[in-house]
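The numbering used here numbers the first residue of the sequence shown as 104 and each following residue consecutively.
Every residue gets a Cβ at the ideal spot worked out from N, C-alpha and C, and that includes glycine.
Small disclaimer: the values here were computed from a predicted structure and weren't measured.
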Amino acid sequence: MSRSSHPRPASRFVSFARTRPSVLFESFEHLFIGNQIELQTADGTVRRGADYPLALPNGLQLTYGRVVALAGDFFGIPGEAIADDPRAPDRFLRAFGQMATDPGGVSQVQAINAVMQDEITALQQAIERGETDLYKVYQSLDLNGRYNRATGGGSFFTDYWPMGRYLALAASNFDHFGEDAVSAYAMGHGQALSQALLARRLSGAARENALQLAYAQNAFADHFLSDLFSSGHLRTPRRALDRIGRQSSVPEGAALAGLCAKAMHDEDSYHGLSVRNARGETWRAYGDKKLLDHGDAENLRRVVAAVQASAAEIWNAFASGQVPERYAALAYTPDLAALQDRHDSANLAPLFTAEIGGQVLRRKDVVDLTSRDWTNDWWLASTVALLRSMESQRLAGRADTPLNIDPIVVQFFRNGDGRMGMIEYGPGAAGYGTLWGGGDMGQGAGLVALLDMDLEGDGATQFVQLWQAGADTGAIVYGPDAQAAGYAVRYSSAGVLAGAAGGQWRSCRRREGGAWMVRSAAAGALSLDALHARTDAPTLGIEVLWRAPQLFAQPPEGCLLAADIDGDGNDELVWMGVSSNMSLCLAAARLGDHGPQVLVEPREQPRASRLQALAADVDGSGRQAIVCIGESADATGGFTRVCRLGADGRGFDVLDRQKHAFSGALIGWLVVDADEDGAADLVRVGALGGRVTVQLLRSRKDGFFDAGVVNTFDVPSTSVGLLASRVGGRGRYVVHHLFDHGGQLGWAVFTPNVVGSGFGLAALQSDMGQGTAAIGFFTANARLAAAD
104 MSRSSHPRPA
114 SRFVSFARTR
124 PSVLFESFEH
134 LFIGNQIELQ
144 TADGTVRRGA
154 DYPLALPNGL
164 QLTYGRVVAL
174 AGDFFGIPGE
184 AIADDPRAPD
194 RFLRAFGQMA
204 TDPGGVSQVQ
214 AINAVMQDEI
224 TALQQAIERG
234 ETDLYKVYQS
244 LDLNGRYNRA
254 TGGGSFFTDY
264 WPMGRYLALA
274 ASNFDHFGED
284 AVSAYAMGHG
294 QALSQALLAR
304 RLSGAARENA
314 LQLAYAQNAF
324 ADHFLSDLFS
334 SGHLRTPRRA
344 LDRIGRQSSV
354 PEGAALAGLC
364 AKAMHDEDSY
374 HGLSVRNARG
384 ETWRAYGDKK
394 LLDHGDAENL
404 RRVVAAVQAS
414 AAEIWNAFAS
424 GQVPERYAAL
434 AYTPDLAALQ
444 DRHDSANLAP
454 LFTAEIGGQV
464 LRRKDVVDLT
474 SRDWTNDWWL
484 ASTVALLRSM
494 ESQRLAGRAD
504 TPLNIDPIVV
514 QFFRNGDGRM
524 GMIEYGPGAA
534 GYGTLWGGGD
544 MGQGAGLVAL
554 LDMDLEGDGA
564 TQFVQLWQAG
574 ADTGAIVYGP
584 DAQAAGYAVR
594 YSSAGVLAGA
604 AGGQWRSCRR
614 REGGAWMVRS
624 AAAGALSLDA
634 LHARTDAPTL
644 GIEVLWRAPQ
654 LFAQPPEGCL
664 LAADIDGDGN
674 DELVWMGVSS
684 NMSLCLAAAR
694 LGDHGPQVLV
704 EPREQPRASR
714 LQALAADVDG
724 SGRQAIVCIG
734 ESADATGGFT
744 RVCRLGADGR
754 GFDVLDRQKH
764 AFSGALIGWL
774 VVDADEDGAA
784 DLVRVGALGG
794 RVTVQLLRSR
804 KDGFFDAGVV
814 NTFDVPSTSV
824 GLLASRVGGR
834 GRYVVHHLFD
844 HGGQLGWAVF
854 TPNVVGSGFG
864 LAALQSDMGQ
874 GTAAIGFFTA
884 NARLAAAD
């Protein structure tokens, strides 16, 4: 079965607010993009865009991001697209001049900024509250009437009539779509490069002022560049629809065409598009109101990189006197030509598509996003009426938020005959659900452990089931099966480890590739046994690598962790326990091809309580520390304590306890790099009043954490599995909460907020399949052990 990365094909979402022209990245999104970049002043000093106000000829001082936000949406020439200016860059300079040189621009910018600040404040507050869907926050603001007044419109009777420049620009916004946006950006960027060359020839304060003017012109152009990352702007045939509207005999043809364009824009913005660029990168892009939402982090990184590349060319022209033949920023933007293939199965069927010659086809079924049947027999007025009449049907059943990830979760379960079964869940053509299932995979009784690992070092995840066969341990290996598009038994033996039953098993990564299975057992002393994949046979096999009885004196009861504590690329084994006098005890062994080497003898550390332990690279050094976590009996608080291998490699340095407030009975802890700074953060998932709480503890890289807000979600807390994975194996972390929902398996996905702290709900599905017989779930999960 195909592992397609379709978004969930729920009913299409379109909102037809009569006066809402929201077919642009929102103001806060444009502002955020522009303020993330770095700029160089005339003397070479590097400044953040947010901290470097640009002086304009009319006396305004605006940051790069503020200019990006104001351009195009609020300042421009209605009815005169920059993209087809016969005297370029005349229209660009006139639009820019409204804001930057006209004296009247000062009061208009101040009025617009006052409204924009309300938008920014509402969004920032929502982010800090841990809102799960910024799209809904945008929808609730409805600031368009105020924006219309700020740009010269409105009357005693209504904010919306007569139209100010804001609404007039939205009615003919070709410069914000597709190839027109490319042209508008290129014209503005070219003008900014010319201004940078002029600044180069000046000296003193005039030199810096002229460079700032070049940056401001470029920021104005970058508005159109950033629109090229908004999915609703990429394949909507905005100009072709307008042409049909103006040729129509209906008096309001142009307005109806605009509503049709808005419908497709909103559809593609909400569900997103799979895109690629000239750099060979592929990702899923979403649209307006979604850029700062949880699912669009990858798109956000790329649009900021493009704007940074654009601004860097202004500095390079100023510093070198050279102008590039090709504009670097356009290599980051999605390939527009590739998106014109309406039959591309990677994306949902477009609502409208323009043919060679100007004919525009409409999808016959305006509700079914998967229908690839188009017609040229359609009318503007009836189509708008149809879209409006179907609005409630389109809204029914849609996902609360889109899922911009491609998780594959594997569930192990025991069937009615006691045999082991597997189900693979993920995104498919029919939504998130079962991709593959096998109900009779092998021995199901006597389960000792389930491990996921790259057993053979080829990058493919395999699953190892260890089970008790009398006094021995048996093993079954499940691996990918191309023919079945799922998994198959690759190896099975009832006696891979003789005279050894039970114990704790861990998979240990090896620097040269692959992983070992290591078992610990404590009976008077701690012993270790290691298994590995046989490499000298034509078929996969498991064999004993070494056995090490009585490695060291029996430590107190506790847990075994696999962690690369010395940063050499190989996992070591760490034993963590709590002694009878409530002292923490740590021991460690380095694993070699011929046996283990005691690294740290069992040694009592400062007083502790009943603990959990995780392996995490908390400082980004490549060396994992052991993070001990204690919690109060009422689950309202606790502490973290970080233990690192000491400089001499013979003991652990144990930092002081750090107290934290928690919320909800513990479900589990996970390790993620939420802010992608290279240092591992902690996530606590709890249950409070039948709902799920998620709390982020962000690493400060010094062994201590900053506790974030506790986000509470209306998601059942009857957890059967908790996992963390990365988008595409290397992108942003997400948290998977698997839960039982009346006997059915439910699946919730939480993602770190792009801005601020905390988590948001990215996806929720409550009917994935049978959940009561589940005995294990896997994805690229964090390593967790508990001393209980």
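Assignment of beta-bridge partners to Gln571 by DSSP yields Thr576.
According to the DSSP assignment, Tyr263 belongs to no beta strand (DSSP E), since it is labelled neither H nor E.
Uninterrupted beta strand (DSSP E) stretches at least 3 residues long and entirely within the region 734-803 occur at 740-748, 755-757, 761-764, 768-775, 784-791, 794-802, given in chain order. Looking only at Asn380, Tyr250, Gly179, Glu183, the smallest Cα-Cα distance to Gln213 is reached by Tyr250. Between Val721 and Ala783, the C-beta gap is smaller than 8 Å, which places the two residues in contact. Taking Ala552 as the centre and dropping the five residues before and after it, the same chain places the C-beta of Leu569, Trp608 closer than 6 Å to its C-beta, in chain order. Note that the C-beta distance between Ala184 and Asp325 is not below 8 Å. Each of Asp205, Arg197, Glu141, Val813 was checked against the Cα of Leu159, and the nearest Cα belongs to Asp205.
Ranked by Cα distance from Leu165, the first of Gln315, Tyr263, Leu296 is Gln315. Separation of the CB atoms of Glu141 and Gln411 is rounded to 7 Å, and the pair is thereby assigned contact status at 8 Å.
Note: Gln607 is bridge-paired with Ser623 in the DSSP secondary-structure output. DSSP places Gly598 in the strand class (E or B) of the three-state scheme. With contacts defined by Cβ atoms closer than 8 Å, Cys611 and Leu694 form a contacting pair. In the DSSP annotation of this structure, the continuous segment of the beta strand (DSSP E) that includes Val681 starts and ends at 675-681. In the three-state DSSP reduction, Val837 falls in the strand class (E or B).
Look at the region 380-442 and you find these whole runs of alpha helix (DSSP H), each 4 residues long or longer: 400-423. Here the alpha carbons of Gly806 and Arg744 stand approximately 8 Å from one another. DSSP places Gly307 within a helical segment (H, G or I) once states are collapsed to three. Pairing Asp543 with Thr564, the inter-Cα distance amounts to about 20 Å. Where Gln201 is concerned, the enclosing alpha helix (DSSP H) starts and stops at 193-203. By the neighbour-count criterion, in which a residue is buried when 16 or more other Cβ atoms sit within 10 angstroms of its Cβ, Ala357 is buried. Annotation for Gln350: the continuous alpha helix (DSSP H) segment containing it runs 341-350.
Sorting Gly573, Ala574, Asp575, Asp584 by C-alpha distance to the C-alpha of Phe566 places Asp584 at the top. Taking the CA atoms as reference points, Asn161 sits about 9 Å from Gly207. Rounded to the nearest angstrom, the Cβ distance from Gln350 to Gln320 is 36 Å, too far for a contact under 8 Å. Under the DSSP definition of a beta bridge, Glu527 partners with Val513, Trp539. The C-alpha of Gly424 lies about 31 Å from the C-alpha of Gly281. Contact between Val730 and Ala716 holds: their C-beta atoms lie close to 7 Å from each other, under 8 Å. For Pro652, same chain residues with a beta-carbon under 8 Å away, outside a window of 5 residues either side, are Ala628, Ser630 in chain order. Judged by pairs of C-beta atoms under 8 Å, the region 323-343 touches the region 365-382, as three or more such pairs exist. As the crow flies, the alpha-carbon of Ala790 is around 15 Å from that of Phe853. In this chain, the beta strand (DSSP E) harbouring Asp555 covers 550-556. Among the bridge pairs identified by DSSP, Phe816 is matched with Val795. Rounded to whole angstroms, Ala287 and Gly617 show a C-alpha spacing of 52 Å. Contact check between the region 301-308 and the region 256-267: fewer than three CB pairs, one atom from each, fall below 8 Å, which does not count as touching. With distances taken between CA atoms, Val426 lies nearest to Leu296 out of Gly335, Gly540, Leu296, Thr436.
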